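Worksheet: the structure to be examined is printed underneath.
Protein chains: 2
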Amino acid sequence: MRIELKKHVLHANNELAAELRDTYKSHGVYCINMISSPGSGKTSLLEKTIPLLGGYNMAVVEGDVLTERDAERVRKTGVPAVQIETSGACHLDAPMIQNAIAELQMPDNGFLFIENVGNLVCPTSYDLGEAAKVVVISVTEGDDKPGKYPAIFMNAKVCVLNKTDLLPYTPFDVESFYADVKAVNKDIEIIEVSCQTGEGLDKWADWLKNRRNEFLAD
Amino acid sequence: MRIELKKHVLHANNELAAELRDTYKSHGVYCINMISSPGSGKTSLLEKTIPLLGGYNMAVVEGDVLTERDAERVRKTGVPAVQIETSGACHLDAPMIQNAIAELQMPDNGFLFIENVGNLVCPTSYDLGEAAKVVVISVTEGDDKPGKYPAIFMNAKVCVLNKTDLLPYTPFDVESFYADVKAVNKDIEIIEVSCQTGEGLDKWADWLKNRRNEFLAD
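Read top to bottom, the protein sequences are chains G and P. Everything in the first sequence is counted per my numbering, starting at 1 for the first residue and increasing by one. Everything in the second sequence is counted per my numbering, starting at 1001 for the first residue and increasing by one.
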């Protein structure tokens, strides 16, 4: 019964996600669904990415169990942000996104960033109509995450490896991490960044611009 | 319907958890349920704690979505460990623990450590019969976690603040973290540790021994 109900819930979610996908496409909006553990630095990554995408329309949907803090941080960059407080739920779903974007002006021909609830497991199952899932991992979490949480690595188009400025102080094995990620998903790209030093952020911004161009040409 | 089903599932879980609690008590076993984000250092904490509790019987139940890696790491300390692979599920529940401890000898008059799936949201709702929930937070995750994920801070008896050796390299505000934790739960204890340098681990081991003594005297 639990499995049947879950199937039913996911099916309804996916139907709405397909509608959202059409909406984004009709506005030329490249939508990113960012998934990570709590504290991997998704909001910091957004704060640093937005100035590198000057000239593009942008909007942000923030997901958290509680608090408006992340949306407030993003708004300081000048980009509109809507906060979803899930009040206990461990992931965002398509109906939440539908409600949130009703409060936003569509960032025509630009980017919609969705920052999911900090959780490396549950958000992976819920399609939000995004063009790409992004998994963010910080080096302080350890290099063993791809083997332990393979679903998100299988489903993401890109892995942002964050907090590389802390590599000298942590027992993170970069080579072993790459091998483990590629064993799960050989097509995924890995981009190393540090939101503290700014290293690698240009590469990440280029990835976004290039994928958006491909998406619009598609 | 979803809410009703969740209530039913939790009720069944809690009935079994009450039985497990009686089992632990009858063996004089102090059971700890460790909850954190992925990569906060729960397994490292166990590896460092076990040698400090020499003389006590111990056993470990490891929870992960996939892989036997954490149980293998714990077994190297000489303590028996059973790995639960949840195959996608985002938390441990009481039936999983019942199956796992059937494979273990009860650590009479000692400690049973349960390391939950790395997830700061879902595991909080599932009673495993433990005497205490422990929330582990690493300083690299940021000081804003108590406000964003209050449920686990409300339900835990102690918060282990890990990776304090990285404080000089991270924008973590210790004072603000303490204030936010205490705003959610004024009775929770906070113990600062570094599994890299060993700092604070004696205080954590003393906490475990003292709580165990109180539990047995109760």
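Quick reminder that beta carbons are idealized off the backbone N, C-alpha and C, glycines included. Keep in mind that this is a model prediction, so the values were computed, not measured.
As summarised for the stretch 13 to 66 of chain G, the continuous alpha helix (DSSP H) elements at least 4 residues long and confined to that stretch are 42 to 49, given in chain order. Using a Cβ-Cβ cut-off of 7 Å, Asp64 of chain G is close to Lys1148 of chain P, given in chain order.
In this structure Asn162 of chain G touches Gly41 of chain G by the C-beta definition: roughly 5 Å separates them, less than 8 Å.
The Cβ atoms of Tyr149 of chain G and Val174 of chain G lie no closer than 8 Å to each other. Between Met1034 of chain P and Pro1107 of chain P, the CB-CB gap reaches or exceeds 8 Å.
Between the stretch 43 to 55 of chain G and the stretch 194 to 204 of chain G there are three or more inter-stretch CB-CB distances shorter than 8 Å, so the stretches are counted as touching. In the same chain as Thr197 of chain G, and ignoring 5 residues on each side of it, the C-beta atoms closer than 7 Å to its own belong to Asp165, in chain order. The alpha carbon of Leu1208 of chain P has as its nearest neighbour, out of P:Ile1084, P:Gly1110 and P:Ser1026, the alpha carbon of P:Gly1110. The beta carbon of Asn213 of chain G lies closer than 8 Å to none in the same chain, with the five residues before and after it left out.
Within chain G, no C-beta atom comes less than 9 Å from the C-beta of Glu1047 of chain P; the nearest is roughly 12 Å away. Contact of Ser138 of chain G with chain P by beta-carbon distance below 9 Å involves Gly1039, Thr1140 and Glu1141. Per DSSP, Leu1112 of chain P is not a residue of any alpha helix (DSSP H); the beta strand (DSSP E) it occupies stretches across Phe1111 to Glu1115. From the listed residues P:Val1074, P:Tyr1030 and P:Pro1080, the smallest Cα separation to Asn1210 of chain P is found for P:Tyr1030. Cβ proximity to chain G below 9 Å picks out Val1117, Gly1118, Asn1119, Leu1120, Val1121 and Cys1122 from the stretch 1101 to 1123 of chain P. In the structure shown, Ala132 of chain G falls within a strand segment according to DSSP collapsed to helix, strand and coil. One finds Thr1140 in chain P with Cβ atoms closer than 8 Å to the Cβ of Lys163 of chain G, taken in chain order. Spatial neighbours of Arg73 of chain G in its own chain (CB-CB distance under 7 Å, excluding positions within 5 residues in sequence) are listed in chain order as Thr43 and Glu47. If you draw a 10 Å sphere on the C-beta of His1008 of chain P, you find fewer than 16 other C-beta atoms in it, and that means exposed. Beta-bridge partners of Asn1162 of chain P (DSSP): P:Ser1138. Within the stretch 170 to 189 of chain G, no residue has its Cβ closer than 7 Å to any Cβ of chain P. Counting other Cβ atoms within 10 Å of its Cβ, Leu20 of chain G reaches 16 or more and is therefore classed as buried.
Assignment of Ala1081 of chain P by DSSP, reduced to helix, strand and coil, places it in the strand class.
The beta-carbon of Leu216 of chain G is placed no less than 8 Å from the nearest beta-carbon of chain P. The closest CA to that of Val1117 of chain P, considering only P:Ser1138, P:Ala1089, P:Gln1105 and P:Ala1132, is found on P:Ala1089.
If you ignore the 5 residues before and after Asn14 of chain G, its C-beta comes within less than 6 Å of the C-beta of Asp127, all in its own chain and listed in chain order. Only Arg69 and Asp70 from the stretch 69 to 82 of chain G bring a Cβ to less than 9 Å from some Cβ of chain P.
For Leu53 of chain G, not one C-beta of chain P is nearer than 8 Å to its own C-beta. Under the 8 Å criterion on CB atoms, Ala156 of chain G is classed as non-interfacial with respect to chain P. Around the beta-carbon of Ser87 of chain G, fewer than 16 other beta-carbon atoms lie within 10 Å, marking it exposed. Nearest to Ser36 of chain G by C-alpha distance, out of G:Glu103, G:Ile137, G:Thr67 and G:Ala100, is G:Ile137. Boundaries of the alpha helix (DSSP H) harbouring Glu175 of chain G: Val174 to Val184, taken from the DSSP string. For Glu189 of chain G, the pairing in a beta bridge is given by DSSP as G:Val158. Residues of chain P whose Cβ lies closer than 7 Å to the Cβ of Asp144 of chain G are, in chain order, Arg1069.
Chain-order list of chain P residues neighbouring Ala151 of chain G: Val1065 and Gly1088, by C-beta distance under 8 Å. In chain order, Leu1045, Val1134, Val1136, Ile1191, Val1193 and Trp1204 place their CB closer than 7 Å to the CB of Val1160 of chain P, counting only its own chain and leaving out the 5 sequence neighbours on each side. The beta-carbon of Leu1128 of chain P is placed no less than 8 Å from the nearest beta-carbon of chain G.
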